[in-house]
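A.B. asks: As they're listed, the protein sequences go chains A and B.
Using the numbering used here, the letters of the first sequence correspond one by one to residues 2 to 597.
Using the numbering used here, the letters of the second sequence correspond one by one to residues 34 to 234.
Heads up, the beta-carbon is just placed ideally off N, CA and C, and yes, glycines get one too.
Below: one structure in structure tokens.
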Amino acid sequence: MNTTPNGFDLDNSGRRIVVDPVTRIEGHMRCEVNVDDDGIIRNAVSTGTMWRGLEVILKGRDPRDAWAFTERICGVCTGTHALTSVRAVEDALGITIPDNANSIRNMMQLNLQIHDHIVHFYHLHALDWVNPVNALKADPKATSELQQAVSPSHPMSSPGYFRDVQNRLKKFVESGQLGLFKNGYWDNPAYLLPPEADLMATTHYLEALDLQKEIVKVHTIFGGKNPHPNWLVGGVPCPINVDGVGSVGAINMERLNMVSSIIDKCIEFNKNVYLPDVKAIGGFYKNWLYGGGLSSQACLAYGDIPEHPNDFSAEQLHLPRGAIINGDLSQVHDVDPRDPEQVQEYVDHSWYTYGKPGQGLHPWDGVTEPKYELGPNTKGTKTDIKELDEAAKYSWIKAPRWKGHAMEVGPLARYVVGYAKGHEDIKDQVDGLLRDMNLPLEAVFSTLGRTAARALESEYCGRLQKHFFDKLVQNIKNGDSSTANVEKWDPSTWPKEAKGVGMTEAPRGALGHWIKIKDGRIENYQCVVPTTWNGSPRDTAGNIGAFEASLMNTKMERPDEPVEILRTLHSFDPCLACSTHVMSPDGDELTTVKVR
Amino acid sequence: MANVLILGIGNVLWADEGFGVRCVEHLAQIRSFGPEVTLLDGGTQGLYLLPFLEEADRLVVFDAVDYGLPPGTLKIVEGDEVPAFMGAKKMSLHQTGFQDVIATAQLMGYCPETLLLVGCQPEELEDYGGGLRDVVAAQIAPAVQIALDRLAGWGVEAREGQADTSLLADRSILRDTYEAGRPSAEEACRTGDARFFPVTE
Numbered sequence: 002m003n004t005t006p007n008g009f010d011l012d013n014s015g016r017r018i019v020v021d022p023v024t025r026i027e028g029h030m031r032c033e034v035n036v037d038d039d040g041i042i043r044n045a046v047s048t049g050t051m052w053r054g055l056e057v058i059l060k061g062r063d064p065r066d067a068w069a070f071t072e073r074i075c076g077v078c079t080g081t082h083a084l085t086s087v088r089a090v091e092d093a094l095g096i097t098i099p100d101n102a103n104s105i106r107n108m109m110q111l112n113l114q115i116h117d118h119i120v121h122f123y124h125l126h127a128l129d130w131v132n133p134v135n136a137l138k139a140d141p142k143a144t145s146e147l148q149q150a151v152s153p154s155h156p157m158s159s160p161g162y163f164r165d166v167q168n169r170l171k172k173f174v175e176s177g178q179l180g181l182f183k184n185g186y187w188d189n190p191a192y193l194l195p196p197e198a199d200l201m202a203t204t205h206y207l208e209a210l211d212l213q214k215e216i217v218k219v220h221t222i223f224g225g226k227n228p229h230p231n232w233l234v235g236g237v238p239c240p241i242n243v244d245g246v247g248s249v250g251a252i253n254m255e256r257l258n259m260v261s262s263i264i265d266k267c268i269e270f271n272k273n274v275y276l277p278d279v280k281a282i283g284g285f286y287k288n289w290l291y292g293g294g295l296s297s298q299a300c301l302a303y304g305d306i307p308e309h310p311n312d313f314s315a316e317q318l319h320l321p322r323g324a325i326i327n328g329d330l331s332q333v334h335d336v337d338p339r340d341p342e343q344v345q346e347y348v349d350h351s352w353y354t355y356g357k358p359g360q361g362l363h364p365w366d367g368v369t370e371p372k373y374e375l376g377p378n379t380k381g382t383k384t385d386i387k388e389l390d391e392a393a394k395y396s397w398i399k400a401p402r403w404k405g406h407a408m409e410v411g412p413l414a415r416y417v418v419g420y421a422k423g424h425e426d427i428k429d430q431v432d433g434l435l436r437d438m439n440l441p442l443e444a445v446f447s448t449l450g451r452t453a454a455r456a457l458e459s460e461y462c463g464r465l466q467k468h469f470f471d472k473l474v475q476n477i478k479n480g481d482s483s484t485a486n487v488e489k490w491d492p493s494t495w496p497k498e499a500k501g502v503g504m505t506e507a508p509r510g511a512l513g514h515w516i517k518i519k520d521g522r523i524e525n526y527q528c529v530v531p532t533t534w535n536g537s538p539r540d541t542a543g544n545i546g547a548f549e550a551s552l553m554n555t556k557m558e559r560p561d562e563p564v565e566i567l568r569t570l571h572s573f574d575p576c577l578a579c580s581t582h583v584m585s586p587d588g589d590e591l592t593t594v595k596v597r
Numbered sequence: 034m035a036n037v038l039i040l041g042i043g044n045v046l047w048a049d050e051g052f053g054v055r056c057v058e059h060l061a062q063i064r065s066f067g068p069e070v071t072l073l074d075g076g077t078q079g080l081y082l083l084p085f086l087e088e089a090d091r092l093v094v095f096d097a098v099d100y101g102l103p104p105g106t107l108k109i110v111e112g113d114e115v116p117a118f119m120g121a122k123k124m125s126l127h128q129t130g131f132q133d134v135i136a137t138a139q140l141m142g143y144c145p146e147t148l149l150l151v152g153c154q155p156e157e158l159e160d161y162g163g164g165l166r167d168v169v170a171a172q173i174a175p176a177v178q179i180a181l182d183r184l185a186g187w188g189v190e191a192r193e194g195q196a197d198t199s200l201l202a203d204r205s206i207l208r209d210t211y212e213a214g215r216p217s218a219e220e221a222c223r224t225g226d227a228r229f230f231p232v233t234e
């Protein structure tokens, strides 16, 4: 047994369990744990099994086009990467954006947060807690009563409605298309909901599907198209012409009214469905408080949603910025992504090389040079690994650290930083939820805390979206219809060399793009993405990453059915596509679980 | 008039994975359509495509699909076989595989009545930042012709000219710009994990 510098006792002597791939996530990820005789996880190893190479394909490209490439690296946070990219270029070249562009970008970013959070909860994560097969046994009348108790203002709650949904589910399951619900461990004792709660939640799975296809229309309106909306260095690509009727692409009153109605639908769904569901489902799992990992000791947020354009100072960001280390919530540290001593990436346990061991590189000086080699204690071969050797290199994900600390990022990290800073909205939300559920503050530092923080954030983002909508409309009324600043569009106006950084809070956490421009072309481009932070392997000093830490000391009901592992890993909303690349050549999505 | 959605899916950054997107791109360059036809670059997205499926009565999908045939072979799949077929192999990193999108659309009751998949067997996927291989690129025109024949059979008019490209990829990643602007192998490493990349030693 050994103790890591960040305080975890690792013991890899027990049975090894390999989960590969971890399903219902974006990208390809593998996880190995050792459990003791009581089924408790005593060692955890998380690895990205795909090579990451976005940076190298951008070399020599036009910086004004980088957003279009970065938007393709991932199937979910497309817009967030694009926004981060245009911010990095604007920062490098000193380009400012107009007020309307700030409001529209914020709305698109908030819209994506809400969409992602709702889809994550209902379509990727809920099945870790909710059993749709059990929903077939529910009594529709009792389900209706439950619905009215947990959310009296939600109109869709009659027994007939739940009976219809149940019949629809039955038909779907009987037609052999369990597709969406396959790979479940539906008779595992880790599932605790009564059938009525399962039917209620499964019904909302369907309601959320209907809603999410409306939510994304905001991206079509402001981004011209969806998926993969358009972005522009210097602003947003949509002109504003409020008096126009039906003109192609321009923002007119009809479109603004549509945006307004979508914003209201989001607010209503968060209030009537999402938050009540999290409370109701969470209530049945109140004693399952595993999965806190690093959240109580090391959290990082870059902050986002600037109230004013071109001003990223922490005090005017609606999503908070700051770092917490060593579990000291009384002190929130300033974060400066430009400081070469703050954000650094290590590769001693990653399949890359910097030439000399033990080195951490700031992203502006980042190097992405692969070096695939396995440690002496690896079981299997280079093309078929049975068990990784975590004492050596074992992941395609680099290990980013903040002043040497392994950090958690994401909704929970943002909420911990916000709470510690005394952010009014966040504090009110968190305190209110804990009061409603009769839980102490410590309960926040858990898998369920992560899931709850996401729901609270979705609610908060809904309100912010409305704020920026009103701001946009007011500004247009005041006669300002400018959406882009093209003063420095021409590369002849640029300096010979420039460097910049773009930051956002992606749905899954702090996202940064660092760019170096030379002679009008991209010289170096490095992305440090949220899942690089959360899914990082060990670093030179031996600190374990956030995923690894979160699995420690969790009790598994049945070690060959990794419900608990999936639960906690899913609570981070992992997205491996942009932290790594290329999936298994056989494309097989069935998880294999091996117990040794 | 029935609404037709012509959709290309896949990730253009992964060599032959971009086949579907490139087909729609090519179609838009050679034919124009009436308002009942929508050409869409679906890219790497899953659930984001649902609003488009909801509005369509007929769906044509171009995609790179692995069915173990020689590289560059075209495969036509229709109707009920499309979701089952696409479920056989999950080729891309779309958060929700396209078969899940179809299954979801069916569950919600807004799946298009007519489905046509024009698939192509890829030669190379493990080349991040790379373009289409010759054998796959050569199938773009034939694949598009198959779709045009089918559209004609449905009574959909396609004229010489260019289609609305507002729902297609940004010009910077259209095929010619994208493939011509690729950095050299010295600048951009093209090998990696032996489990996924061709062994070079």
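If we cut at 7 Å on Cβ distances, does ASP66 of chain A have a partner in chain B?
C.D. replies: Taking the first sequence and counting its residues from 1, one reaches residue 66 of chain A at position 65. For ASP66 of chain A, the answer is yes, since a Cβ of chain B falls inside 7 Å of its Cβ.
A.B. asks: Sorted by chain position, which residues of the same chain lie with C-beta nearer than 6 Å to THR221 of chain A's C-beta, five sequence neighbours on each side aside?
C.D. replies: Within the first sequence, residue 221 of chain A is the residue found at index 220, counting from 1. Counting only Cβ-Cβ distances below 6 Å, and skipping sequence neighbours, we find ASN227.
A.B. asks: So which residues of chain A does MET141 of chain B contact, with C-beta pairs closer than 8 Å?
C.D. replies: Within the second sequence, the letter at position 108 stands for residue 141 of chain B. Residues of chain A passing the Cβ test: LEU207, LEU210, ASP211.
A.B. asks: So which residues on chain B does ASN253 of chain A lean against when the C-beta distance must stay under 9 Å?
C.D. replies: Against the first sequence, residue 253 of chain A aligns to sequence position 252. Those do not exist, as ASN253 of chain A stays about 16 Å from chain B at its closest Cβ, beyond 9 Å.
A.B. asks: Counting C-beta neighbours from all protein chains within 10 Å, is the total for PRO371 of chain A 16 or more, i.e. buried, or is it exposed?
C.D. replies: Sequence index remark: in the first sequence, residue 371 of chain A carries index 370 (1-based). Buried is the call here.
A.B. asks: Where does PHE270 of chain A sit, in a helix, a strand or coil, going by DSSP?
C.D. replies: If you number the first sequence from 1, residue 270 of chain A lands on position 269. Looking at PHE270 of chain A - three-state DSSP - the assignment turns out to be helix.
A.B. asks: Here's a check: name, in chain order, each residue in its chain whose Cβ is nearer than 6 Å to the Cβ of ASN525 of chain A, leaving out the five neighbours to either side.
C.D. replies: Counting from one through the first sequence, the residue named residue 525 of chain A turns up at place 524. Around ASN525 of chain A: LYS517.
A.B. asks: Between which two residues does the alpha helix (DSSP H) carrying GLN132 of chain B extend?
C.D. replies: In the second sequence, residue 132 of chain B corresponds to position 99, counting from 1. Residues 131–141.
A.B. asks: By how many angstroms is the C-alpha of TYR143 of chain B removed from the C-alpha of ASP90 of chain B?
C.D. replies: Taking the first residue of the second sequence as 1, we reach residue 90 of chain B at position 57. Taking the first residue of the second sequence as 1, we reach residue 143 of chain B at position 110. So the two alpha carbons sit approximately 9 Å from each other.
A.B. asks: Using CA coordinates, which residue listed in A:GLN360, A:ASN7, A:ASP561 is at the minimum distance from PRO190 of chain A?
C.D. replies: Indexing the first sequence from 1 puts residue 190 of chain A at position 189. Closest option to PRO190 of chain A, Cα to Cα, is A:ASP561.
A.B. asks: What is the DSSP secondary structure of MET504 of chain A, counted as helix, strand or coil?
C.D. replies: In the first sequence, counting from the first residue as 1, residue 504 of chain A sits at position 503. Strand at MET504 of chain A.
A.B. asks: According to DSSP, what are the bridge partners of GLU346 of chain A?
C.D. replies: Here residue 346 of chain A corresponds to residue number 345 of the first sequence, with the count starting at 1. In the DSSP output, where bridge partners are listed per residue, GLU346 of chain A has A:LEU362, A:PRO401.
A.B. asks: Could you tell me which residues DSSP puts in a beta bridge with CYS153 of chain B?
C.D. replies: For the purposes of this step, residue 153 of chain B is taken as residue 120 along the second sequence, with counting starting at 1. CYS153 of chain B pairs with B:ALA97, B:LEU107.
A.B. asks: Please classify GLY41 of chain B: does DSSP put it in a helix, a strand, or coil?
C.D. replies: Residue numbering aside, residue 41 of chain B sits at position 8 when the second sequence is read from its first letter. Looking at GLY41 of chain B - three-state DSSP - the assignment turns out to be strand.
A.B. asks: If we cut at 7 Å on Cβ distances, does ASN227 of chain A have a partner in chain B?
C.D. replies: By 1-based counting over the first sequence, the position of residue 227 of chain A is 226. Output row for ASN227 of chain A: interface = yes.
A.B. asks: Using a C-beta to C-beta distance shorter than 9 Å, which residues of chain A count as neighbours of PRO216 of chain B?
C.D. replies: Position 183 of the second sequence, counted from the first residue, corresponds to residue 216 of chain B. Simply VAL57, ILE58, LEU59, LYS60, GLY61, ARG62.
A.B. asks: Interface residues of chain B around ASN231 of chain A at Cβ under 7 Å?
C.D. replies: Start at 1 with the first residue of the first sequence, and residue 231 of chain A comes out as number 230. Result: ASP203.
A.B. asks: For SER331 of chain A, is the classification buried or exposed, using 16 other Cβ atoms within 10 angstroms of its Cβ as the cut-off for buried?
C.D. replies: One-based indexing of the first sequence puts residue 331 of chain A at position 330. Answer is exposed; the Cβ neighbour count stays below 16.
A.B. asks: Tell whether a beta-carbon distance below 7 Å holds between LEU94 of chain A and ASN44 of chain A.
C.D. replies: Start at 1 with the first residue of the first sequence, and residue 94 of chain A comes out as number 93. Start at 1 with the first residue of the first sequence, and residue 44 of chain A comes out as number 43. Result no, Cβ atoms of LEU94 of chain A and ASN44 of chain A do not sit closer than 7 Å.
A.B. asks: How far does the beta strand (DSSP E) with PRO228 of chain A in it reach, from first residue to last?
C.D. replies: Locating residue 228 of chain A in the first sequence gives position 227, counting from the first residue. Segment: none, PRO228 of chain A is in no beta strand (DSSP E) and carries neither H nor E.
A.B. asks: Using a 10 Å radius around the Cβ and a threshold of 16 neighbouring Cβ atoms, would you call ASP92 of chain A buried or exposed?
C.D. replies: Taking the first residue of the first sequence as position 1, residue 92 of chain A is located at position 91. Classification for ASP92 of chain A: buried.
A.B. asks: Which residue from A:HIS571, A:THR484, A:CYS267 puts its Cα closest to that of PRO310 of chain A?
C.D. replies: Here residue 310 of chain A refers to the residue found at position 309 of the first sequence. When only C-alpha atoms are compared, the closest one is A:THR484.
A.B. asks: Do ASP492 of chain A and GLY450 of chain A have their C-beta atoms closer together than 7 Å?
C.D. replies: For the purposes of this step, residue 492 of chain A is identified with residue 491 of the first sequence, where counting begins at 1. For the purposes of this step, residue 450 of chain A is identified with residue 449 of the first sequence, where counting begins at 1. Residue 492 of chain A is actually Pro in this sequence, not Asp. Against a cut-off of 7 Å, the Cβ pair of GLY450 of chain A and PRO492 of chain A comes out as no contact.
A.B. asks: Which value, in whole angstroms, describes the spacing of the CA atoms of PHE285 of chain A and PHE270 of chain A?
C.D. replies: What you label residue 285 of chain A is simply residue 284 of the first sequence in a count that begins at 1. What you label residue 270 of chain A is simply residue 269 of the first sequence in a count that begins at 1. Approximately 22 Å, taken between the alpha carbons.
A.B. asks: Would you verify that the beta carbon of ALA507 of chain A is, or is not, closer than 7 Å to some beta carbon of chain B?
C.D. replies: The residue given as residue 507 of chain A occupies position 506 in the first sequence. No, because no Cβ of chain B sits closer than 7 Å to the Cβ of ALA507 of chain A.
A.B. asks: In whole angstroms, what is the alpha-carbon distance linking MET1 of chain A and ARG16 of chain A?
C.D. replies: This structure gives no information on residue 1 of chain A, because the portion of chain A shown stretches from 2 to 597.
A.B. asks: Comparing the C-beta of ASP12 of chain A with each C-beta of chain B, is any distance below 7 Å?
C.D. replies: Along the first sequence, one-based indexing puts residue 12 of chain A at 11. No, because no Cβ of chain B sits closer than 7 Å to the Cβ of ASP12 of chain A.
A.B. asks: Which one or two residues does DSSP pair with THR4 of chain A in a beta bridge?
C.D. replies: Stepping through the first sequence from its first residue, residue 4 of chain A is reached at position 3. Paired residue(s): A:ASP10.
A.B. asks: Tell me ASP305 of chain A's beta-bridge partners as DSSP assigns them.
C.D. replies: Looking up residue 305 of chain A in the first sequence gives position 304. In DSSP, ASP305 of chain A forms a bridge with A:LEU320.
A.B. asks: Evaluate PRO68 of chain B with the Cβ neighbour count: other Cβ atoms within 10 Å of its Cβ, from every protein chain shown; 16 or more gives buried, anything less gives exposed.
C.D. replies: Position 35 of the second sequence, counted from the start, is the residue given in the question as residue 68 of chain B. Label assigned to PRO68 of chain B: exposed.
A.B. asks: Kindly list, in the order they appear in chain A, the residues whose Cβ is closer than 9 Å to that of GLU220 of chain B.
C.D. replies: Working through the second sequence from its first residue, we reach residue 220 of chain B at position 187. In chain order: VAL57, LYS60, GLY61.
A.B. asks: I want to verify the contact list: residues of chain B whose CB lies under 8 Å from the CB of ALA69 of chain A, in sequence order.
C.D. replies: Here residue 69 of chain A is taken as the residue at index 68 of the first sequence, counted from 1. Simply ALA202, ASP203, SER205, ILE206.
A.B. asks: Taking contact to mean 3 or more Cβ pairs, one atom from each stretch, closer than 8 Å, check whether the segment 414–423 of chain A and the segment 442–459 of chain A are in contact.
C.D. replies: A contact exists between the segment 414–423 of chain A and the segment 442–459 of chain A.
A.B. asks: So, VAL177 of chain B versus LEU150 of chain B, is the Cβ gap smaller than 7 Å?
C.D. replies: As a first step, residue 177 of chain B is located in the second sequence; it is residue number 144 there, counting from the start. As a first step, residue 150 of chain B is located in the second sequence; it is residue number 117 there, counting from the start. Contact flag unset, no.
A.B. asks: So the candidates are B:ASP133, B:THR147, B:LEU140, B:THR77; which of them puts its Cα closest to the Cα of VAL110 of chain B?
C.D. replies: Stepping through the second sequence from its first residue, residue 110 of chain B is reached at position 77. It is B:THR147.
A.B. asks: Assuming THR1 of chain A contacts TYR291 of chain A (C-beta within less than 8 Å), just tell me the rounded distance between them.
C.D. replies: Absent from the model: residue 1 of chain A. The displayed extent of chain A is 2 to 597, so no value can be given.
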